[in-house]
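See below for the structure under consideration.
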Amino acid sequence: MELKEWTIEEQEPLIQFLTTNVWPYHVNSHPGRELIEKAIEEGGYESDDVKTFWVENTEGEKVGIVQLYDLQDEIPIFDLRIAEKYREQGYGLQALRLVSEYVFKLPGKIRLEGHTRQDNVAMRKTFERVGFVKEAHFRKAWYVPKEGEYYDAITYGITREDFLSGVKTPVCWDDVTEERPKPQINWDFESSFESERLMIRMPELDDTDAVFEAQRRSARSLKAYMPWAQKEAIREEVRATLREANANFLARKDLRLHVFLKETGEFVGSSGLHRIDWEIPKFEIGYWIDDRFEGNGYMTEAVKRITEFAFEELSAKRIEIRCDRDNVRSRAVAERTGYELEGILRNDCLDASGLHLRDTCVYAKIDESSSH
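Take the sequence shown: its position 109, counting from 1, is numbered 96 in this note's numbering, and each next residue is one higher.
See below:
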């Protein structure tokens, strides 16, 4: 079995071949001489962009023809026809393999494709046995003028990689997933709010002295669990962190919050919404308290109110509290405010000192209305 290139001198044998056979799955099932002659004259069978081959069996009989189109492109298309007397003898399968081999020996050809009617079962099976993959289904796209009927059309293709490796790569037909609508964020939320006993607001540079004194006074307890508290507090550095925190709050990158007593205006501690993912939206609450105010439930009250703020004003879908497994007081705040312990991450990170591994407790609350 071989492909033998057709030449213009073989015009008459080509006309005889095409007009003496019936092509039931082609647009023109009974092509006439004049139509074929016109196509030959216009380069429809031989040009820079088109080549025609005889399909010859081992006895030298012309059992079919193949036309290759778009040879100047990276993706040629072919038309294969087997004569009536040679059909259902495996010639189509052999011919298609030879066509594929020929095309992929040409430089720069990345794929080969062919088209047929949906009801042309024999050709469709030939495509699949050679390694072609069904890539498209066009409904009512194949019009047959003689019948006045429309048929569905099927496109098959094979890539150079698949042909050379002998592997068939199927098309993923479920590649379009429903996109989750982007959350509607209230970017103009208030920078302060209150609870029963507390006033909670974004940091300001005027808080420098109060924060510095609280950190200095609570150094021992903070050092156990806060990496930033490993060295003695310095007023200028505290001021610099507040300047950055204020800028991040305004830019909605990180929402540090300072907690004050409503009655006296005293600074109680710091909390806030960190590690923000606005695409969810998702937040993590962190907190520390001045030792002077420990044991009064102030931080529990603050965390509860900040949680409400995140869900109601920022449309939060998930809020986390993460803390060292041994940080009993921090864990108590999470539990008193209704956060659920989702898990303990063993050897999750270094502790505040940076010298030892720690286990991390992950507590969370979610917006139940958005859960699946």
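All residues carry an ideal CB built from backbone N, CA and C; glycine is no exception.
Cβ neighbour criterion (16 or more within 10 Å) applied to residue i
i     : result
F125  : exposed
A109  : exposed
K(-9) : exposed
Y137  : exposed
R194  : Just to set this straight, residue 194 is Asp in the shown sequence, not Arg. Per the 10 Å Cβ criterion, buried.
A365  : Because residue 365 is not part of the residues shown, which for the chain are -12 to 359, the question remains open.
N283  : exposed
N15   : exposed
T7    : exposed
L83   : buried
E307  : buried
L229  : buried
A234  : exposed
V315  : exposed
V246  : buried
S356  : exposed
K112  : exposed
T324  : buried
I263  : buried
P168  : exposed
N107  : buried
T45   : exposed
P0    : exposed
G77   : exposed
G19   : exposed
G79   : buried
Start and end residues, alpha helix (DSSP H) containing residue i
i    : result
I23  : R20 to E28
T113 : V108 to V117
S152 : R147 to S152
E88  : Y78 to K92
Y285 : Y285 to E300
D196 : T195 to R204
Reference residue i; option with closest CA among the options
i    : options                   : result
Y12  : R68, P0 and M286          : R68
K49  : F180, L5 and G284         : L5
E266 : D277, P63, R305 and Q76   : R305
S179 : E134, E115, L242 and K112 : L242
L151 : G135, K240, R111 and E88  : E88
I272 : K127, S317, R20 and E253  : S317
L332 : D338, E231 and C348       : C348
V365 : E71, A70, G51 and K72     : With the chain running from -12 to 359 in the structure shown, residue 365 is simply not present.
E250 : R184, G47, L58 and G19    : R184
E200 : V225, Q217 and V315       : V225
I115 : P94, D149, G135 and H343  : This sequence places Glu at residue 115; Ile is not what is there. For the residues P94, D149, G135 and H343, the minimum Cα distance to E115 belongs to D149.
I231 : E191, G77 and E61         : Going by the sequence as given, residue 231 is Glu instead of Ile. Residue E191 is the option with its Cα nearest to E231.
H17  : A351, E327 and P132       : P132
K352 : N107, E327 and D264       : E327
Y130 : R111, R20, T113 and Q105  : Q105
W215 : Y350, Q76, G341 and Y78   : G341
L337 : C310, P63 and N107        : C310
E281 : S257, P268 and D264       : S257
Y73  : V9, F270 and D264         : V9
A339 : W160, K240, T45 and K218  : K218
P63  : P268, T45, P94 and A220   : P94
W41  : I27, E71, W(-7) and G77   : W(-7)
K38  : G135, H261, Q59 and I221  : Q59
Cβ-Cβ separation, residue j to residue i (assumed contact under 8 Å), whole Å
i    : j      : result
F236 : A197   : In fact, because the Cβ distance is near 17 Å, the residues do not count as touching under 8 Å.
E43  : E(-11) : 6 Å
Q54  : F65    : 7 Å
F298 : D354   : 6 Å
R292 : I187   : 6 Å
E24  : I2     : 7 Å
R147 : K96    : 7 Å
D35  : D57    : 11 Å between Cβ atoms; not a contact.
G259 : L244   : 4 Å
Bounding residues of the beta strand (DSSP E) (the contiguous stretch that carries residue i)
i    : result
L5   : Counting along the chain, L5 falls outside any beta strand (DSSP E), though it belongs to the alpha helix (DSSP H) covering Q(-2) to T6.
N334 : E327 to L337
A128 : V120 to V131
E271 : K269 to I272
T228 : Counting along the chain, T228 falls outside any beta strand (DSSP E), though it belongs to the alpha helix (DSSP H) covering R222 to L237.
V42  : K38 to E43
A321 : Not the beta strand (DSSP E): A321 falls in the alpha helix (DSSP H), residues V315 to R323.
F180 : S179 to E181
D35  : Note, D35: premise wrong, no beta strand (DSSP E); not H, not E.
C348 : L344 to I353
F176 : It is not in any beta strand (DSSP E) - F176 carries neither H nor E in the DSSP assignment.
L58  : Note, L58: premise wrong, no beta strand (DSSP E); not H, not E.
Residue-chain proximity (residue i, chain B), Cβ-Cβ < 8 Å
i   : result
A70 : Absence of chain B from the displayed structure is noted, only one protein chain being present.
Residue i CB to nearest heavy atom of the ligand ADP below 7 Å
i    : result
E355 : Among the ligands in the structure shown, none appear at all, so the ligand ADP cannot be discussed.
**Message:** Pairs of beta-carbons, one from the segment 114 to 132 and one from the segment 148 to 165, closer than 8 Å: are there three or more?
**Reply:** yes
**Asked** Using 8 Å as the Cβ pair cut-off and three pairs as the minimum, do the segment 198 to 212 and the segment 284 to 292 touch?
**Response** no
**Request:** May I ask you to verify whether the segment 163 to 181 touches the segment 290 to 302, counting CB pairs closer than 8 Å and requiring at least 3?
**Result:** yes
**Message:** Tell me whether the segment 132 to 145 and the segment 92 to 104 touch, counting them as touching only if at least three CB pairs, one residue from each stretch, are closer than 8 Å.
**Reply:** yes
**Asked** How about the segment 271 to 280 and the segment 195 to 207: do they share at least three Cβ pairs that are nearer than 8 Å?
**Response** yes
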